[in-house]
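Asker: Before I ask anything, let me first share the structure, which is written out below as structure tokens.
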Amino acid sequence: MSLNLAMMLRESANTHPEKAAVLFDGGSVSYVELDTASDRVAAGLVGRGLRPGDAVALQLPNVPEFVVAYFGILKAGCVAVPVNLLFKAAEVGYVLADSGARLLITWAGVAEEAAKGAADAGVSEVFVLPIPGTPRPGVGHAFGQLLETAVIGPPPLHQSDPGDTAVIVYTAGTTGRPKGAELTHFQLFMNADTPGRLFGIRDEDVVLVVLPLFHVFGLSSILDVCVRFAATMSLVPRFDPAKVLEVIARDRVTVFEGVPTMYIALLNHPDRDRHDTSSLRVGVSGGAPIPAEVIDEVERTFGIVVLEGYGLSETASTTTFNVSAEERRIYSVGKPIYGVEVQVWDADGEVLPPGPEHVGELVVRGVNVMRGYHGNPAATREAMAGGWFHTGDLGYVDRDGFFFVVDRKKDLIIRGGENVYPREVEDVLYTHPAVAEAAVVGIPDDRLGQEVKAVVALRPGRTVTEAELVGYVRERVASYKYPRSVEFREHLPMNATGKILKREL
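Residues 641 to 1145 (the working numbering) are what the sequence shown spells out, left to right.
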């Protein structure tokens, strides 16, 4: 039996050859054009001596060439290793060395740093995608050399085993060095097929792709899903609320997928009502828990339903999902998808009963769980203790089987022996009309061990004092939970996917 994830592209090119696969500033690429271009990249990789199983690092923004290169890598039987565009030389070098990458495809905007990292990792083959209208950097080869390779004979499509690694996704590295989660062709196909069917993605859908494709959410839950069902992707290389609103109107986008901070930015944009967003039929939120107040405001403002899901790099993205407006449990992350089990465990590994009073660690097993961490059996054994993947997330399940994520274990604040879940306090802060962004963190305290602190950014034109915010929260939560101090910032630090970086606070 064989299964190569790239067969999804081949199938969509056969059934929808002239349909737009990708829209972008300045043009579009059809499914047959995408399929043909990725064939040439595959031939180019094979022609340079790469063999099935070799790792190829891919460091590009949300541009058509990312999609072309991704499927070209898979067609050659190689393993795609997405690399964050924001990485500096040392970080690039670490990922290349750890994954054993033999070749790097990068972007002119980061080529100098990427080339330094490649040199440190001993990777001599670097291909650079130029920025239109600017000189090509003086490092590496032109990406066009791969793209212009002649395909001799049948189009390449390596007959991979379903259990072969297709992608190595590196975790965010919030606790030490990033680890490379090995995801197989079968796992990624299932994560495209099953959630796509649950979500009801259609070939006439236009899906906005502003989440980075080098992140598992963008790669697995958007790109792969769209190609599986021949939907159209509208690519936006960098999140800017004004640009997103413009593209929604321009391309008649029907599906918006983002993280909570993106929804917040769209709500707070002063020109929000000047753009026609009536084409939207649904929103999807993931990557971090979305505050209840934000869901409510988005649904009121844009007239759409926001469906929340949950997943991690190690679970090929989707683990649980709210499948429709009729079947969802609002404010939950939904139920496990087909072939996936989720439980809530206490510190002793015992399964906790349903109910919000029984918060424990979410553990997962099923078709979506990674093969393991690349080259790191010790970390794999620790993460898979007891035969279940330990997510590091705290949550509970209700009596109907809907899961609720409370917080990350590492973000838990223990104040004088009492557990404070930052998300609960953040949800209250988001109900204040002046608050645009909020994060709650624990700070050292000689008497209590930790004290609760809030860091917030305000909505444009709104004001509120520290005392007013503290009092507002104090009226709505138990006395040990409310923040004793508030720090105001213009913006909170975020990573490339829009998650607030609490470790920097």
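From the three backbone atoms N, C-alpha and C, an ideal C-beta is built for every residue, glycine too.
For residue 1140, which residues from the same chain have a beta carbon less than 6 Å from its beta carbon, with the 5 sequence-adjacent residues on both sides left out?
Answerer: The residue you call residue 1140 lines up with position 500 of the sequence shown. If we look at residue 1140 and ignore the five residues flanking it on each side, its Cβ neighbours are 1079, 1132, 1134.
Asker: Go through its chain and collect everything with a Cβ distance to residue 972's Cβ below 8 Å, but skip five positions before and after it.
Answerer: The sequence position of residue 972 within the sequence shown is 332, counting from 1. The residues are 948, 962, 1038, 1042, 1043, 1044.
Asker: From the DSSP output, read off the bridge partner residues of residue 670.
Answerer: For the purposes of this step, residue 670 is identified with residue 30 of the sequence shown, where counting begins at 1. Note: residue 670 sits in a beta bridge opposite 660.
Asker: Okay, do the segment 1106-1118 and the segment 1061-1081 touch, 3+ Cβ pairs below 8 Å being the bar?
Answerer: yes
Asker: Just to confirm before moving on: does the CB-CB distance between residue 829 and residue 643 stay below 8 Å?
Answerer: In the sequence shown, residue 829 corresponds to position 189, counting from 1. In the sequence shown, residue 643 corresponds to position 3, counting from 1. Against a cut-off of 8 Å, the Cβ pair of residue 643 and residue 829 comes out as a contact.
Asker: Could you check how far apart the C-beta atoms of residue 864 and residue 908 are, in whole angstroms? I think they sit under 8 Å.
Answerer: For the purposes of this step, residue 864 is identified with residue 224 of the sequence shown, where counting begins at 1. For the purposes of this step, residue 908 is identified with residue 268 of the sequence shown, where counting begins at 1. Here residue 864 is actually not in contact with residue 908; their C-beta atoms are around 31 Å apart, not less than 8 Å.
Asker: Among the residues of its own chain, which have a CB less than 6 Å from the CB of residue 810, if the five just before and after it don't count?
Answerer: To locate residue 810, count along the sequence shown from 1; it is residue 170. Taken in chain order, the residues that qualify are 735, 818, 820.
Asker: How long is the line joining the alpha carbons of residue 799 and residue 717, rounded to whole angstroms?
Answerer: The count along the sequence shown starts at 1 and reaches residue 799 at position 159. The count along the sequence shown starts at 1 and reaches residue 717 at position 77. Roughly 7 Å separates the two Cα atoms.
Asker: Beta-carbon within less than 6 Å of residue 781's beta-carbon, same chain only, minus the 5 sequence neighbours each way: which residues are those?
Answerer: Counting from 1 along the sequence shown, the entry for residue 781 is found at position 141. Correct list, in chain order: 767.
Asker: Please classify residue 800: does DSSP put it in a helix, a strand, or coil?
Answerer: To locate residue 800, count along the sequence shown from 1; it is residue 160. Of the three classes helix, strand and coil, the one that applies to residue 800 here is coil, per DSSP.
Asker: Taking just the CA atoms, how far does residue 723 sit from residue 751?
Answerer: Translated into the one-based positions of the sequence shown, residue 751 becomes position 111. Translated into the one-based positions of the sequence shown, residue 723 becomes position 83. Each residue's Cα considered, the two are about 12 Å apart.
Asker: Which term fits residue 827, buried or exposed, when burial requires 16 or more other beta carbons within 10 angstroms of its beta carbon?
Answerer: In the sequence shown, the residue the question calls residue 827 occupies position 187. Buried: at least 16 other Cβ atoms inside 10 Å.
Asker: Taking buried to mean at least 16 other C-beta atoms within 10 Å of its own C-beta, is residue 894 buried or exposed?
Answerer: Looking up residue 894 in the sequence shown gives position 254. Burial call: buried.
Asker: I'd like to know if the segment 895-914 and the segment 669-685 are in contact, where contact means that at least 3 CB-CB pairs between them fall below 8 Å.
Answerer: no
Asker: Report yes or no: do three or more beta-carbon pairs, one from the segment 770-779 and one from the segment 1048-1055, lie closer than 8 Å?
Answerer: no
Asker: Between 686, 700, 878, 1018, which lies nearest to residue 789 when the distance is taken from Cα to Cα?
Answerer: On the sequence shown, position 149 is the one that residue 789 refers to. That would be 686, whose Cα lies nearest to the Cα of residue 789.
Asker: For residue 656 and residue 848, what's the separation of their Cα atoms in angstroms?
Answerer: In the sequence shown, the residue the question calls residue 656 occupies position 16. In the sequence shown, the residue the question calls residue 848 occupies position 208. Approximately 19 Å between the Cα atoms of the pair.
Asker: Step through the CB atoms of chain B and report whether any lies within less than 8 Å of the CB of residue 881.
Answerer: Among the chains of the structure shown, chain B does not appear; only one protein chain is present.
Asker: Between which two residues does the alpha helix (DSSP H) carrying residue 738 extend?
Answerer: To locate residue 738, count along the sequence shown from 1; it is residue 98. First-last of the alpha helix (DSSP H) with residue 738: 729-739.
Asker: For residue 1098, count the other beta carbons within 10 Å of its own beta carbon; 16 or more makes it buried, fewer makes it exposed. Which is it?
Answerer: Position 458 of the sequence shown, counting from 1, holds the residue named residue 1098. Label assigned to residue 1098: buried.
Asker: Measure the Cβ-Cβ separation of residue 897 and residue 924 and say whether it is below 8 Å.
Answerer: Position 257 of the sequence shown, counted from the start, is the residue given in the question as residue 897. Position 284 of the sequence shown, counted from the start, is the residue given in the question as residue 924. Yes; because the gap between Cβ atoms is below 8 Å, this pair is in contact.
Asker: Given 7 Å as the limit, tell me if residue 799 has its C-beta closer than that to any heavy atom belonging to the ligand ATP.
Answerer: Among the ligands in the structure shown, none appear at all, so the ligand ATP cannot be discussed.
Asker: For the segment 788-874, which segments carrying the beta strand (DSSP E) assignment without a break, of at least 3 residues, lie completely within its bounds, in sequence order?
Answerer: As summarised for the segment 788-874, the continuous beta strand (DSSP E) elements at least 3 residues long and confined to that stretch are 805-810, 820-824, 846-849, given in chain order.
Asker: Go to residue 652, then tell me how far its beta strand (DSSP E) extends in each direction, as first and last residue.
Answerer: Counting from one through the sequence shown, the residue named residue 652 turns up at place 12. From DSSP, residue 652 is part of no beta strand (DSSP E) but of the alpha helix (DSSP H) over 647-655.
Asker: Would you mind sorting residue 1025 into buried or exposed? The rule is 16 or more other CB atoms within 10 Å of its CB.
Answerer: As a working mapping, residue 1025 is identified with position 385 in the sequence shown. Residue 1025 should be labelled exposed.
Asker: Which ranges does the beta strand (DSSP E) cover as unbroken runs of at least 3 residues, wholly within the segment 924-975, from first to last along the chain?
Answerer: If you keep only unbroken beta strand (DSSP E) runs of at least 3 residues inside the segment 924-975, you get 945-950.
Asker: To the nearest angstrom, how far is it from the Cα of residue 815 to the Cα of residue 1032?
Answerer: Taking the first residue of the sequence shown as position 1, residue 815 is located at position 175. Taking the first residue of the sequence shown as position 1, residue 1032 is located at position 392. Its pLDDT being 48, under 50, residue 815 is placed unreliably in this model, and the value from its coordinates should be taken loosely. Separation of residue 815 and residue 1032 (C-alpha to C-alpha, rounded to the nearest whole angstrom) is 11 Å.
Asker: Measuring alpha carbon to alpha carbon, tell me which residue in 1126, 892, 771, 662 is nearest residue 872.
Answerer: Here the question's residue 872 lines up with position 232 in the sequence shown. Nearest C-alpha to residue 872: 662.
Asker: Runs of 4 residues minimum, wholly inside the segment 1073-1132: which ones carry the alpha helix (DSSP H) assignment?
Answerer: 1106-1114
Asker: Please report the straight-line C-alpha distance between residue 1115 and residue 1046, rounded to a whole angstrom.
Answerer: Taking the first residue of the sequence shown as position 1, residue 1115 is located at position 475. Taking the first residue of the sequence shown as position 1, residue 1046 is located at position 406. For residue 1115 and residue 1046, the distance between alpha carbons rounds to 21 Å.
Asker: Skipping 5 residues on each side, what residues in its chain have a beta carbon closer than 7 Å to that of residue 1030?
Answerer: Locating residue 1030 in the sequence shown gives position 390, counting from the first residue. Closer than 7 Å at the Cβ level, and outside the excluded window around residue 1030, lie 1001, 1003, 1023.
Asker: Decide if the segment 1004-1011 is in contact with the segment 954-968; the criterion is three or more beta carbon pairs, one per stretch, under 8 Å apart.
Answerer: Using a C-beta cut-off of 8 Å, the segment 1004-1011 makes contact with the segment 954-968, since at least three inter-stretch Cβ pairs fall below that distance.
Asker: Return the chain-ordered list of same chain residues with a C-beta closer than 6 Å to the C-beta of residue 845, the five sequence neighbours on each side being excluded.
Answerer: For the purposes of this step, residue 845 is identified with residue 205 of the sequence shown, where counting begins at 1. Closer than 6 Å at Cβ, skipping near neighbours: 871, 894, 895.
Asker: First and last residue of the beta strand (DSSP E) that includes residue 992?
Answerer: Your numbering for residue 992 matches position 352 in the sequence shown. Counting along the chain, residue 992 falls outside any beta strand (DSSP E), and DSSP gives it neither H nor E.
Asker: Here's the rule: buried if 16 or more other CB atoms are within 10 angstroms of the residue's CB, otherwise exposed. What is residue 860?
Answerer: One-based indexing of the sequence shown puts residue 860 at position 220. Under a 10 Å Cβ-count criterion, residue 860 is classified as buried, with 16 or more other Cβ atoms of the shown protein chains found around its own Cβ.
Asker: What is the C-beta distance between residue 672 and residue 704, in whole angstroms, given that I count them as a contact (C-beta under 8 Å)?
Answerer: As a first step, residue 672 must be located in the sequence shown, where it is residue number 32. As a first step, residue 704 must be located in the sequence shown, where it is residue number 64. With a Cβ gap of about 14 Å, residue 672 and residue 704 do not count as contacting.
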